[in-house]
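Participant:
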Amino acid sequence: MLAHLHVPLLKVRISTTNLSLLSVFSLVFFLRNTNSHFNLYVALQSGEYNEYTDAYGFGVMLWEIASRGEEPFRREMNEKGIKTFGNLVPYVLQGMRPRANDNWHFLFRVLMSWCWHPDMKRRPFFWIIWKVLNEYCRLLHRDGEEVVGRMTPEKALDIISNCCVDESKQGERIATFWQTKGLLDEYLSWRKYDEGEDDGSEEEEEESSDEDDDEDEGKGKDKVRDIDIFYTKGPKGASPGQVRYQNSILPSAEPSKKPSSKNQSDDSNAVKEEQAEMLKRIQNLKNKQLTESPVVVEKEQQKESSVATSTSESSELEASLGESQQVKNEQALMAERLQALKQRQLASAGSPDSSLGSS
Amino acid sequence: MYILSEYYHHGSLQSYLRYLFILQYIFNGFSPSFLRKQQQLSWLELMLLAKGAAAGLMHMHAIGVTHRDIATRNMLIDRDGKSGEPFFSFPAKFFINMFVVRVIDFGLAKEDDDVVNLASIAGAPTCAAPESTYKYH
Chain D
478 MLAHLHVPLL
488 KVRISTTNLS
498 LLSVFSLVFF
508 LRNTNSHFNL
518 YVALQSGEYN
528 EYTDAYGFGV
538 MLWEIASRGE
548 EPFRREMNEK
558 GIKTFGNLVP
568 YVLQGMRPRA
578 NDNWHFLFRV
588 LMSWCWHPDM
598 KRRPFFWIIW
608 KVLNEYCRLL
618 HRDGEEVVGR
628 MTPEKALDII
638 SNCCVDESKQ
648 GERIATFWQT
658 KGLLDEYLSW
668 RKYDEGEDDG
678 SEEEEEESSD
688 EDDDEDEGKG
698 KDKVRDIDIF
708 YTKGPKGASP
718 GQVRYQNSIL
728 PSAEPSKKPS
738 SKNQSDDSNA
748 VKEEQAEMLK
758 RIQNLKNKQL
768 TESPVVVEKE
778 QQKESSVATS
788 TSESSELEAS
798 LGESQQVKNE
808 QALMAERLQA
818 LKQRQLASAG
828 SPDSSLGSS
Chain A
1344 MYILSEYYHH
1354 GSLQSYLRYL
1364 FILQYIFNGF
1374 SPSFLRKQQQ
1384 LSWLELMLLA
1394 KGAAAGLMHM
1404 HAIGVTHRDI
1414 ATRNMLIDRD
1424 GKSGEPFFSF
1434 PAKFFINMFV
1444 VRVIDFGLAK
1454 EDDDVVNLAS
1464 IAGAPTCAAP
1474 ESTYKYH
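Protein chains in written order, with this note's numbering: chain D, 478 to 836; chain A, 1344 to 1480.
1. Closest Cβ-Cβ distance between Asn639(D) and chain A: below 8 Å?
2. Per DSSP, what kind of secondary structure is Lys1453(A) in: helix, strand or coil?
3. What does Trp607(D) reach in chain A if we use C-beta pairs closer than 7 Å?
4. Nearest to Cys640(D) by alpha carbon, out of Val609(D), Val624(D), Arg627(D) and Leu616(D)?
5. Return the CA-CA distance between Tyr568(D) and Ala809(D), expressed in angstroms with no decimal places.
6. Assuming Gly536(D) contacts Met589(D) under a Cβ cut-off of 8 Å, what Cβ separation, rounded to an integer in Å, is found between them?
7. Checking the sheet assignment: what are the DSSP bridge partners for Asp1481(A)?
8. Does the distance from the CB of Ile542(D) to the CB of Ala1397(A) come in under 8 Å?
9. Which of helix, strand or coil does DSSP assign to Asp643(D)?
10. Which residues in chain D have a C-beta closer than 9 Å to the C-beta of Leu1378(A)? List them in chain order.
11. Alpha carbon to alpha carbon, how far is Leu1378(A) from Gly546(D)?
12. Following the continuous alpha helix (DSSP H) through Ala1472(A), name the residue where it begins and the one where it ends.
13. Do three or more CB pairs link the stretch 595-606 of chain D to the stretch 1397-1409 of chain A at distances below 8 Å?
14. My output table needs one value for Gly534(D): the three-state DSSP class, helix, strand or coil.
15. Answer yes or no: do Tyr613(D) and Leu584(D) have a C-beta to C-beta separation smaller than 8 Å?
16. Pull up the CB-CB distance for Val1444(A) and Ile1420(A), whole angstroms please, since I reckon it's below 8 Å.
17. In the DSSP assignment, find the alpha helix (DSSP H) that holds Ile605(D) and state where it starts and stops.
18. Counting only Cβ pairs nearer than 7 Å, list the residues of chain D close to Leu1391(A).
19. Along chain D, in chain order, which residues have C-beta atoms closer than 8 Å to that of Gln1382(A)?
20. Any beta carbon from chain D within less than 8 Å of Ile1413(A)'s own beta carbon?
21. Enumerate in chain order the residues of its own chain whose CB-to-CB distance from Met597(D) is below 7 Å, with the five nearest sequence positions on each side excluded.
22. Tell me the rounded alpha-carbon separation between Glu622(D) and Trp1386(A).
23. To which residues of the same chain is Leu539(D) closer than 8 Å at the C-beta, ignoring the five residues directly before and after it?
24. Between Pro1473(A), Thr1409(A) and Cys1470(A), which has its C-alpha nearest Gly1450(A)'s C-alpha?
25. Tell me whether Glu1454(A) is buried or exposed, calling it buried when 16 or more other Cβ atoms sit within 10 Å of its Cβ.
26. In the DSSP assignment, find the unbroken alpha helix (DSSP H) run with Ala1398(A) in it and report its ends.
27. DSSP state of Asp687(D), grouped into three classes?
28. Comparing the C-beta of Leu1387(A) with each C-beta of chain D, is any distance below 8 Å?
29. For the candidate residues Ile1447(A), Ala1452(A) and Glu1388(A), whose alpha-carbon lies nearest to that of His582(D)?
30. For Tyr708(D), which residues of its own chain have a beta-carbon under 6 Å away from its beta-carbon, when the five flanking residues on both sides are left out?
31. Do you know offhand how far Thr1469(A)'s Cα is from Met554(D)'s?
32. Buried or exposed for Asn746(D), please, with buried defined as at least 16 other CB atoms from any protein chain shown within 10 angstroms of its CB.
33. Interface residues of chain A around Trp591(D) at Cβ under 8 Å?
34. When every heavy atom of the ligand SAH is checked, does at least one fall within less than 7 Å of the C-beta of Cys614(D)?
35. Please state whether the Cβ-Cβ distance between Pro595(D) and Pro1473(A) is less than 8 Å.
36. From Arg758(D) to Arg599(D), what distance separates their C-alpha atoms?
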């Protein structure tokens, strides 16, 4: 409450015409005075102020709540030897944010990073924040902290994206695909910034454990899966703002427990459908390759036939094969996925016997 | 304000030629020091605090006012028996069962129709967005 005694004296609006010498002097004094904590809370700021900047402030407030009353940026300033908040500004512009602890609730971390988006139009509206918090409070009331804490991040993001529906506009999803995509992207990039600063190999491990409950998957596969979540779903031609998803954006996490016998038939059907889609895609890709670059294919065949080729020819070929290599890479990816799907199918085919035997 | 107008109608305030501010009594500050004292708060309660603040700011944005100085020191906890949220692990000596979060300090708040000052002193630099900070360099 002491801050309130100090601050109102300083909160004087000055326009450019009224900017007198005294005010400039006082501002310099505020910026230079590092001893007093309360004076530092006031700084000269010029720029935009709208609901989006309010969302940023709310993110900092969430950090203060989650840290239970610590000062934001205090740790960072101590580590880097920053003495004034004025010197902090370029770091913030680069993307530095108060660091979150991994013990904190996932929702707090995600909401913070969403509110701290460098592009202000990607920050959430307050009705979305309220809806998300309301939904989470309801879940915590109903299920308790342990159940909610065990929830996978994907499920949590699914809940958040479901809260982004504007009911006044007939269920239109306002916070949209790209906002929820930016949510996870921003969370990851923010973590990356932290890791880059502190050589955090431990943090990476923690992040992987946070992001995925099943830790068997490698990091490369994780990246591929993230891209799959956000890019391969939905029509390709439409811009993300126009796309409306009736179902959830993110797929629900794969059940690690034994599935029931009723669901297994559905699962196997789904796997078959996926397989059929994959085959179609591969065929399309092959057709594409044939139609788009017949010359390249001929060159490839020549290359295969004549094993020993000169370096100049190979360099020319590489330049021309750039596109076809991309297609090939995609094809290889598809083949890998097909294999994985087959393995899954085999596993699902094998599991009913085991489940029956166990039961 | 209701009490003020009532007194005014009775004529008791007309003789005093001075301004009187009759303000609502609000129970407790929802400040960093408060949060530091209450280390045992669960995530649900912290989430309820954040939700109350978000509700107030949602209403402000709905009527077209931006606060421009959001921080924990500008949020207060008030007791409200009717429409508040339950507060479980609050110490018994405070005797609070239901609470509601109140947003205060509209000294820097701005309506949409206001003329924007090019230079204005606002808020804490830690809580200010990067695009609203003054460029020092």
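Yeah, the Cβ is synthetic: ideal placement off N, Cα and C, and Gly gets one too. Remember, it's a predicted structure, so these values are computed and weren't measured experimentally.
Facilitator: Concretely, from the data shown:
1. So no, Asn639(D) is outside the interface.
2. Looking at Lys1453(A) - three-state DSSP - the assignment turns out to be strand.
3. The answer, in chain order, is Lys1394, Ala1397, Ala1398 and Met1401.
4. Taking each of Val609(D), Val624(D), Arg627(D) and Leu616(D) in turn and checking the Cα distance to Cys640(D), the smallest one comes out for Val609(D).
5. Pairing Tyr568(D) with Ala809(D), the inter-Cα distance amounts to about 42 Å.
6. Contact between Gly536(D) and Met589(D) is confirmed by a C-beta separation of about 5 Å, below the 8 Å threshold.
7. The structure shown does not extend to residue 1481(A), since chain A is modelled only from 1344 through 1480, so no value can be given for it.
8. With respect to the 8 Å criterion, Ile542(D) and Ala1397(A) are not classified as neighbours on the basis of their beta carbons.
9. Under the three-state reduction of DSSP, Asp643(D) is assigned to strand.
10. Residues of chain D passing the Cβ test: Glu541, Ile542, Ser544, Arg545, Gly546 and Glu547.
11. If you take the alpha carbons of Leu1378(A) and Gly546(D), they lie about 5 Å apart.
12. Taken as a continuous stretch (DSSP letters only), Ala1472(A) belongs to no alpha helix (DSSP H), as it is neither H nor E.
13. Segments in contact, yes.
14. If DSSP states are grouped into helix, strand and coil, Gly534(D) belongs with the helices.
15. The beta carbons of Tyr613(D) and Leu584(D) sit closer together than 8 Å.
16. Confirmed, Cβ separation roughly 6 Å.
17. Per DSSP, Ile605(D) belongs to the alpha helix (DSSP H) from Phe603 to Asp620.
18. Within 7 Å Cβ-Cβ: Cys614.
19. Near Gln1382(A) (Cβ distances below 8 Å), the residues of chain D are Arg545.
20. Yes - at least one Cβ of chain D is within 8 Å of the one on Ile1413(A).
21. Same-chain partners within the cutoff: Tyr529 and Thr530.
22. For the pair Glu622(D) and Trp1386(A), the Cα-to-Cα distance works out to about 8 Å.
23. Scanning its chain for C-beta atoms nearer than 8 Å, with the 5 sequence neighbours on each side dropped, one finds around Leu539(D) the residues Phe585, Leu588, Met589 and Cys592, in chain order.
24. That would be Thr1409(A), whose Cα lies nearest to the Cα of Gly1450(A).
25. Taking all protein chains in view, the Cβ of Glu1454(A) is surrounded by fewer than 16 other Cβ atoms within 10 Å, so the residue is classified as exposed.
26. It spans Trp1386 to Ala1405 - the alpha helix (DSSP H) in which Ala1398(A) sits, taken as one unbroken run.
27. With a pLDDT of only 40 at Asp687(D), under 50, the local geometry of the prediction cannot be trusted, and the value read off the model is given with reservation. It is helical.
28. For Leu1387(A), the answer is yes, since a Cβ of chain D falls inside 8 Å of its Cβ.
29. Nearest C-alpha to His582(D) among Ile1447(A), Ala1452(A) and Glu1388(A): Glu1388(A).
30. Because the pLDDT at Tyr708(D) is just 31, under 50, the model does not fix this residue reliably, and the value given afterwards should be weighed accordingly. Nothing listed; no residue qualifies.
31. Roughly 11 Å between the two C-alpha positions.
32. Classified as exposed, Asn746(D) has fewer than 16 neighbouring CB atoms from the shown chains inside 10 Å of its CB.
33. Within 8 Å Cβ-Cβ: nothing; Trp591(D) doesn't reach chain A, min ~13 Å.
34. Absence of the ligand SAH from the depicted structure is noted, as is the absence of any ligand whatsoever, leaving it without description.
35. Closer than 8 Å, so yes.
36. C-alpha separation (whole angstroms): 33 Å.
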